[in-house]
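Novice:
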Amino acid sequence: MPETSSEPAPAVDSSPPGSGGYQPAAFDDAAIARFYEALAGEGVRVANGLWFGDEPRVFRLGFGLLSMADLDAALAGLTGALRKALRKAA
1 MPETSSEPAP AVDSSPPGSG GYQPAAFDDA AIARFYEALA GEGVRVANGL
51 WFGDEPRVFR LGFGLLSMAD LDAALAGLTG ALRKALRKAA
């Protein structure tokens, strides 16, 4: 019998496209706008996909020369922004 978890499935994961891991319906235009707004509130900057000829739901991360502590803080801020964007959609 497969193991079950009481944890809800994440809205975002690193699964390959088409595998069912990514749930694009959770990220409508309003959620994308909330995400970028929440990023600013978290003090996290990403490169909007529009800057690279892509759509706004795509963004680029740059890890640069961050210390591990700063990287942890940046990833926590990114996670917080994603959760805030999704929470308001529910």
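If you're matching positions, the sequence shown starts at 1 in the numbering used here and goes up one per residue. Idealized CB from N, CA, C, for every residue including glycine. Please read all numbers here as calculations on a predicted model, not as lab measurements.
(1) In chain order, what residues of the same chain have a beta carbon less than 7 Å from the beta carbon of ALA81, not counting five sequence neighbours either side?
(2) Just to confirm before moving on: does the CB-CB distance between ALA32 and ARG60 stay below 7 Å?
(3) Considering just the uninterrupted stretch of the alpha helix (DSSP H) at GLU37, what are its terminal residues?
(4) To the nearest whole angstrom, what separates the beta carbons of LEU66 and ALA74, a pair I think is in contact under 8 Å?
Specialist: Walking through what the data contain:
(1) PHE35, ALA38, LEU39, GLU42, VAL44
(2) Note that residue 32 is Ile in the sequence shown here, rather than Ala. No; because the gap between Cβ atoms is not below 7 Å, this pair is not in contact.
(3) 29 to 42
(4) 7 Å
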